[in-house]
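Line by line, the protein sequences are chains Y and U. Okay, so the first sequence: first residue is 58 according to the working numbering, each after it adds one. Okay, so the second sequence: first residue is 976 according to the working numbering, each after it adds one.
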Amino acid sequence: MKLRRRGRSGPATAKPRLAARDLFEECLASLLARPGRAVLTVLGTVVGVAALAATDIVVTPKTGRTGRAVRQNVLPWDAEQRVGRLNGVVAAGTLTDVNVKGELVRAVPVNDPQGQTQFQVPVKAASPGLFRAVRARLSTGRLPDAGHSARGDRVVVLGPNVAAQLHVTRVDNQPAIYIGDRLYVVVGLLSTVQRQPSLLGSIVIPEGTAQREFGLTAPGSVQVETRIGAASVIAGQLPLALNPADPRVLKVAAPPEPRRVRAGVQRDLNSLFLLLGGVSLLVGAIGIANVTLVSVLERVGEIGLRRSLGAARRHIAAQFLMESTTLGLVGGVVGAAVGTLVVVGVAASRAWTPVLEAWVPLGAPLLGGAVGLLSGLYPSARAAALEPVEALRSTM
Amino acid sequence: MIDLSGAPADGHRLAGGLDKPVVRLSKVSRTFGADPPVHALRDVDLAIWPGEWVSIVGPSGSGKSTLLNIVGLLDRQTAGMYRLVGVDVAALDDLGRAGLRGRTIGFVFQAFHLLPHRTVLENVMLAELYVGAPRHGRQERARASLNRVGLDDRADFLPTKLSGGQQQRAAIARALVGEPSLLLCDEPTGNLDSHSAESLLDVFAQLSHDGLTLAVITHDDKVASRAGRQVRIVDGALDELTPPSAGNGQVHGS
């Protein structure tokens, strides 16, 4: 068939056609005739696709700063010192539930026949470093130190709930409480703790005191605060440091990472980017539509000429659709690249891990192209609807 | 209805096998609007035979542009029949008209209509974009066409760097690609000085001598008088100024 055709010959009534390659070349030639305009037109789509591409790149912060608890009844008494020597540990201390054998706690000497005066209150033994490890804050008084523990002094620190129960509000008058029939001086009142909130409802006595008074045989747990990012490393080292003979008997409990918080932040961030991307894409689409429409109006004479050369309406429409789609496609490609670069750059500067979804390199250009195609619908319909007579009246 | 009023009486055209007119208008009318209707063309009968150089003259507003638009398939008549190279165009849709237009008619416009951002060669190559011509050899055919109008040395210039006369010759080269059955020219010298116009008419004379069919719309008597046959259109009605039989016979023999 091809051989029979030469020039415009062939049957005079044969349908006109526009080869895909010719269409593409015409499109490129038209766009490159005004490169500055093409670049500016593409910008909106670039921003939109970049924002959408960024939405789908998940940033994963490395493990943050967390406390660690080690529980077992095989912990050494010098656990605090052993753990404290590990690089990356900020503070460490032992915390042990003390078995008071049902003894009740009461304040001295309150004689209130109506009110309850004796309570069952959990008693915990703490090494001096514990208070830093759980980031305890005092409302008044002081914390027991190593001396108290070594001497086995009968001193206590009250959690705020216990203090309220026992009506202890100040320590400057050296209040005392009974645990069973033994008298303890209250040296400090806690206000808050960051970890181990059970301390708020407990009586805390020095570890040495617990040994002497209640026969404590070993620390129950070690609380550790690490530097940011060191938690996983410390967690691996703890069993060896505490029980080198048989590290497997120790259980290391890492508090769950704040995944839900992070997921929430990521979700908010994503919807922000999604919104930004959507708005930018809309603006980009309007930009492409506008520029294509202006292009149609500027090139009325050219449209007329093309009709005179045998272009049917569909060929005119195809040309302008091709131009707007190409603009969108280029915007999609550049936008995906920019979005990826930005996210990778930000992630690198924040020590995050960027995760690039598979759809970005493929889907972004398609999305851009679709935006361009949609934007070109109206202008190309306008171009195709032009009557050749009207179009040729316009000069080029 | 078959109307043979436009057919010439002399039989020598049949001798060359050219028994069909390129253009045949039979009682063609074109009315614009409805309230009140404007009759741009009234019952026009016109036959243009292969190899003829016909000039169509008339004052502005006489309907000669409407006639050109209908002959060039850029507009549709409201009544009557139009056959282009024997094809009744009333039966064609937009696609069919576009195809017929692209293959049979080469247009030359008063304002040249060259794409300003493309070289002369690329402008000429546009002619083959829509007619299904193979890409292979397109450039060579365009160069040959430029050569025919004496513009091959300007092939790689932008049209804006050319004089008006050169631009119009580039436009003619574009119209000539693919050997159209009819070269349809709308005031081709309207934007040219008299010297350029004169040399353009020489190009037309050469093309006519080569056997090309030309229809030239003009209001310039100098341009019109170069044609072998002149028709005048006034108020939408067509008159022969030079009888079709006079001075045209030898063209068809070539």
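Ideal Cβ positions, reconstructed from N, Cα and C, are used throughout, including at glycine.
Interface flag, residue i vs chain Y, CB-CB below 9 Å
{"i": "F1084(U)", "result": "yes"}
{"i": "E1097(U)", "result": "yes"}
{"i": "D1050(U)", "result": "yes"}
{"i": "R1079(U)", "result": "This sequence places Thr at residue 1079(U); Arg is not what is there. It does: the Cβ of T1079(U) has a partner Cβ on chain Y nearer than 9 Å."}
{"i": "D1010(U)", "result": "no"}
{"i": "S1156(U)", "result": "yes"}
{"i": "A1148(U)", "result": "no"}
{"i": "S1178(U)", "result": "Residue identity check: residue 1178(U) is Val in the sequence provided, not Ser. No, because no Cβ of chain Y sits closer than 9 Å to the Cβ of V1178(U)."}
{"i": "V1191(U)", "result": "no"}
{"i": "A1022(U)", "result": "no"}
{"i": "L1137(U)", "result": "no"}
{"i": "A1102(U)", "result": "yes"}
{"i": "L1059(U)", "result": "yes"}
Status (buried if at least 16 other CB within 10 Å, exposed otherwise) for residue i
{"i": "D1161(U)", "result": "buried"}
{"i": "G1061(U)", "result": "exposed"}
{"i": "L1230(U)", "result": "This structure gives no information on residue 1230(U), because the portion of chain U shown stretches from 976 to 1229."}
{"i": "Q138(Y)", "result": "exposed"}
{"i": "Q1289(U)", "result": "Absent from the model: residue 1289(U). The displayed extent of chain U is 976 to 1229, so no value can be given."}
{"i": "D79(Y)", "result": "buried"}
{"i": "A405(Y)", "result": "exposed"}
{"i": "P1230(U)", "result": "The structure shown has nothing for residue 1230(U), since chain U only spans 976 to 1229."}
{"i": "K158(Y)", "result": "exposed"}
{"i": "N300(Y)", "result": "buried"}
{"i": "Q293(Y)", "result": "Correcting the residue type first, residue 293(Y) is Gly in the shown sequence and not Gln. So G293(Y) counts as exposed."}
One or two residues paired with residue i in a DSSP bridge
{"i": "A1212(U)", "result": "V1209(U)"}
{"i": "R999(U)", "result": "A1022(U) and R1058(U)"}
{"i": "F1007(U)", "result": "V1013(U)"}
{"i": "F330(Y)", "result": "According to DSSP, F330(Y) bridges with nothing at all."}
{"i": "T151(Y)", "result": "V279(Y)"}
{"i": "D1063(U)", "result": "R1058(U)"}
{"i": "T249(Y)", "result": "R194(Y)"}
{"i": "A233(Y)", "result": "V242(Y)"}
{"i": "S1030(U)", "result": "V1191(U) and Q1205(U)"}
{"i": "P263(Y)", "result": "A183(Y)"}
{"i": "R74(Y)", "result": "V1106(U)"}
{"i": "I343(Y)", "result": "Looking at the DSSP assignment, I343(Y) forms no beta bridge with any residue, so it has no partner."}
{"i": "L215(Y)", "result": "L246(Y) and I260(Y)"}
{"i": "G1081(U)", "result": "L1158(U)"}
Chain C residues whose Cβ lies nearer than 9 Å to that of residue i
{"i": "N1044(U)", "result": "Annotation note: the requested chain C is absent from the structure, which comprises protein chains Y and U."}
Beta-carbon neighbours of residue i, restricted to chain U and to distances below 7 Å
{"i": "L85(Y)", "result": "None at all; the shortest Cβ gap to chain U is about 12 Å."}
{"i": "S437(Y)", "result": "Within chain U, no residue comes near S437(Y); the closest Cβ sits about 15 Å away, beyond 7 Å."}
{"i": "E359(Y)", "result": "L1090"}
{"i": "R370(Y)", "result": "D1069"}
Contact with chain U by residue i, beta-carbon distance below 9 Å
{"i": "G425(Y)", "result": "no"}
{"i": "D79(Y)", "result": "yes"}
{"i": "T349(Y)", "result": "no"}
{"i": "R407(Y)", "result": "no"}
{"i": "T452(Y)", "result": "yes"}
{"i": "L384(Y)", "result": "no"}
{"i": "K119(Y)", "result": "Interpretation of K119(Y) is limited by its pLDDT of 41, a score under 50 that renders its predicted location unreliable; the figure taken from the coordinates is listed afterwards. No, K119(Y) does not count as interfacial toward chain U."}
{"i": "R62(Y)", "result": "The pLDDT assigned to R62(Y) is 36, lower than 50, so where the model puts this residue is not dependable; a value taken from the coordinates is nonetheless given after this. Chain U contact via Cβ: present."}
Partners in chain Y for residue i, counting only beta-carbon separations shorter than 8 Å
{"i": "R1110(U)", "result": "A76, R78 and D79"}
{"i": "L1126(U)", "result": "The contacting residues do not exist; L1126(U) stays about 18 Å from chain Y at best."}
Interface partners of residue i on chain U, CB under 8 Å
{"i": "G354(Y)", "result": "The sequence shown places Leu at residue 354(Y), rather than the Gly named in the question. The premise fails here: L354(Y) is roughly 16 Å from chain U at the closest Cβ pair, so nothing lies under 8 Å."}
{"i": "R364(Y)", "result": "L1049, A1073 and R1076"}
Chain-ordered neighbours of residue i on chain Y, where CB pairs are closer than 9 Å
{"i": "H1092(U)", "result": "A86, S87, L89, A90 and R91"}
* Enumerated in chain order, which unbroken segments of the alpha helix (DSSP H) with a length of 4 residues or greater are wholly contained in the segment 1146 to 1197 of chain U? -> Entirely contained in the segment 1146 to 1197 of chain U, the alpha helix (DSSP H) runs reaching 4 residues are, in chain order, 1169 to 1184.
**OP:** Report the residue ranges of all beta strand (DSSP E) runs contained in full by the segment 160 to 207 of chain Y; include only those spanning at least 3 residues, in chain order.
**Re:** 162 to 164, 180 to 183 and 194 to 198
Legend entry - Those runs of the beta strand (DSSP E) which lie wholly inside the segment 340 to 403 of chain Y and span at least 3 residues: Restricting attention to beta strand (DSSP E) runs no shorter than 3 residues, the segment 340 to 403 of chain Y encloses none.
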